[in-house]
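Protein chains in written order, with my numbering: chain P, 860 to 969; chain Y, 792 to 906. In this text, a Cβ means the ideal position worked out from N, Cα and C, and glycines have one as well. No experiment lies behind these values; they were computed from the predicted model shown. Take a look at the structure below.
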């Protein structure tokens, strides 16, 4: 089983702050890295899928980067809003399966 | 819109009961998955299926079985529920390949409490 680690486990920021969190994964046998946003009482929603070293993806105020050689991905949120409050999950795809981290729980305070 | 529907959102069952969790997707996806979510452990794969009547064990299959008689429906079965199976269960689906370049779509989850 791959070991996918996310940090921090939880985070509180003020509205308007920018923030970022980390996903670490084994760099060997890597196929793809997924980011999901999971709001309470809803389904996890796909944000990004990245496959190539150096990939950068952006969706509105949220962006992500990927370093496959050292095995990490960063998720950035610029100018956090209360509606960004959610758990952010990353998952690393190997040859056999998709392994999830335990998530970073973000709370944006108004 | 893509839709994965888990028919039972909240269930309370007694130890030893047989429990069925049903999942239906309307996207004609080949692959379907059952995950379990527990605090601090992330989503853990129980079983997946890449075709009708096909199934493969995930990381934590013990105590569970699955059924896929139709492409759109994937059922998780707890033959004899135990208290350590109290958890939140997520169903998901995707096109071929478990996530490589393909998004996985999730249901809203089924909260199961075994007493």
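Look at the Cβ atom of residue 836 (chain Y), then the Cβ atom of residue 901 (chain Y), and state whether they are nearer than 8 Å. Residue 836 (chain Y) sits at position 45 when you count from the first residue of the second chain. Residue 901 (chain Y) sits at position 110 when you count from the first residue of the second chain. Going by C-beta atoms, residue 836 (chain Y) is not nearer than 8 Å to residue 901 (chain Y).
Closest Cβ-Cβ distance between residue 964 (chain P) and chain Y: below 8 Å? Residue 964 (chain P) sits at position 105 when you count from the first residue of the first chain. No, because no Cβ of chain Y sits closer than 8 Å to the Cβ of residue 964 (chain P).
Using a Cβ-Cβ cutoff of 9 Å, what residues of the region 869–889 of chain P are near chain Y? List them in chain order. none
Only counting the same chain, and skipping five residues up and downstream in sequence, which positions put a Cβ closer than 8 Å to that of residue 895 (chain P)? Within the first chain, residue 895 (chain P) is the residue found at index 36, counting from 1. Excluding positions up to five away in sequence, the list reads 903, 904, 905, 906, 947, 948, 949 and 950.
Simplified DSSP assignment, three categories, for residue 951 (chain P): Here residue 951 (chain P) corresponds to residue number 92 of the first chain, with the count starting at 1. Here residue 951 (chain P) sits in strand by DSSP.
Of all the options P:911, P:916, P:918 and P:939, which has the alpha carbon lying nearest to the alpha carbon of residue 926 (chain P)? On the first chain, residue 926 (chain P) is found 67 positions in, with the first residue counted as 1. For the residues P:911, P:916, P:918 and P:939, the minimum Cα distance to residue 926 (chain P) belongs to P:911.
For residue 957 (chain P), report the span of its beta strand (DSSP E) as first-last. For the purposes of this step, residue 957 (chain P) is identified with residue 98 of the first chain, where counting begins at 1. That run of the beta strand (DSSP E) goes 957–959.
So residue 905 (chain P) contacts chain Y; which residues on that side make the cut at Cβ distance below 8 Å? Taking the first chain and counting its residues from 1, one reaches residue 905 (chain P) at position 46. Those within 8 Å of residue 905 (chain P) in chain Y are 894, 895 and 896.
Exposed or buried, which one is residue 874 (chain Y) when buried takes at least 16 other CB atoms within 10 Å? Position 83 of the second chain, counting from 1, holds the residue named residue 874 (chain Y). When all chains shown are included, residue 874 (chain Y) counts as exposed.
Listing by chain order, which chain Y residues have their CB less than 7 Å from the CB of residue 918 (chain P)? Position 59 of the first chain, counted from the start, is the residue given in the question as residue 918 (chain P). Those do not exist, as residue 918 (chain P) stays about 13 Å from chain Y at its closest Cβ, beyond 7 Å.
Can residue 935 (chain P) and residue 877 (chain P) be called in contact, C-beta distance under 8 Å? Translated into positions along the first chain, residue 935 (chain P) becomes position 76. Translated into positions along the first chain, residue 877 (chain P) becomes position 18. Closer than 8 Å, so yes.
Which of the three DSSP states, helix, strand or coil, is assigned to residue 850 (chain Y)? Position 59 of the second chain, counted from the start, is the residue given in the question as residue 850 (chain Y). Coil.
Should the region 858–866 of chain Y be regarded as contacting the region 800–815 of chain Y, the criterion being three or more beta carbon pairs within less than 8 Å? yes
Report yes or no: is there a C-beta of chain Y within less than 8 Å of the C-beta of residue 913 (chain P)? Residue numbering aside, residue 913 (chain P) sits at position 54 when the first chain is read from its first letter. No, no contact with chain Y.
Using a C-beta cutoff of 8 Å, does residue 937 (chain P) count as contacting chain Y? Walking along the first chain from the start, residue 937 (chain P) turns up at place 78. Cβ-Cβ to chain Y under 8 Å: no for residue 937 (chain P).
Answer yes or no: does any C-beta atom of chain P fall closer than 8 Å to that of residue 832 (chain Y)? Residue 832 (chain Y) sits at position 41 when you count from the first residue of the second chain. Closer than 8 Å to some Cβ of chain P, the Cβ of residue 832 (chain Y) qualifies, so yes.
For residue 928 (chain P), which option in P:880, P:913 and P:939 has the closest C-alpha, if you only look at C-alpha atoms? Counting from 1 along the first chain, the entry for residue 928 (chain P) is found at position 69. Residue P:913 is the option with its Cα nearest to residue 928 (chain P).
By the DSSP assignment, the beta strand (DSSP E) with residue 870 (chain P) in it spans what residues? On the first chain, residue 870 (chain P) is found 11 positions in, with the first residue counted as 1. 869–873 is the span of the beta strand (DSSP E), which, as asked, contains residue 870 (chain P).
Alpha-carbon to alpha-carbon, residue 897 (chain Y) and residue 885 (chain Y): Indexing the second chain from 1 puts residue 885 (chain Y) at position 94. Indexing the second chain from 1 puts residue 897 (chain Y) at position 106. Taking the straight line joining both Cα atoms gives about 9 Å.
To the nearest angstrom, how far is the alpha carbon of residue 796 (chain Y) from that of residue 903 (chain Y)? Along the second chain, one-based indexing puts residue 796 (chain Y) at 5. Along the second chain, one-based indexing puts residue 903 (chain Y) at 112. Their Cα atoms are separated by approximately 16 Å.
Residue 867 (chain P) and residue 884 (chain P) look like a contact to me (Cβ under 8 Å); what is the Cβ gap, rounded to whole Å? Taking the first residue of the first chain as 1, we reach residue 867 (chain P) at position 8. Taking the first residue of the first chain as 1, we reach residue 884 (chain P) at position 25. Going by Cβ atoms, the distance from residue 867 (chain P) to residue 884 (chain P) rounds to 17 Å, so no, they are not a contact pair.
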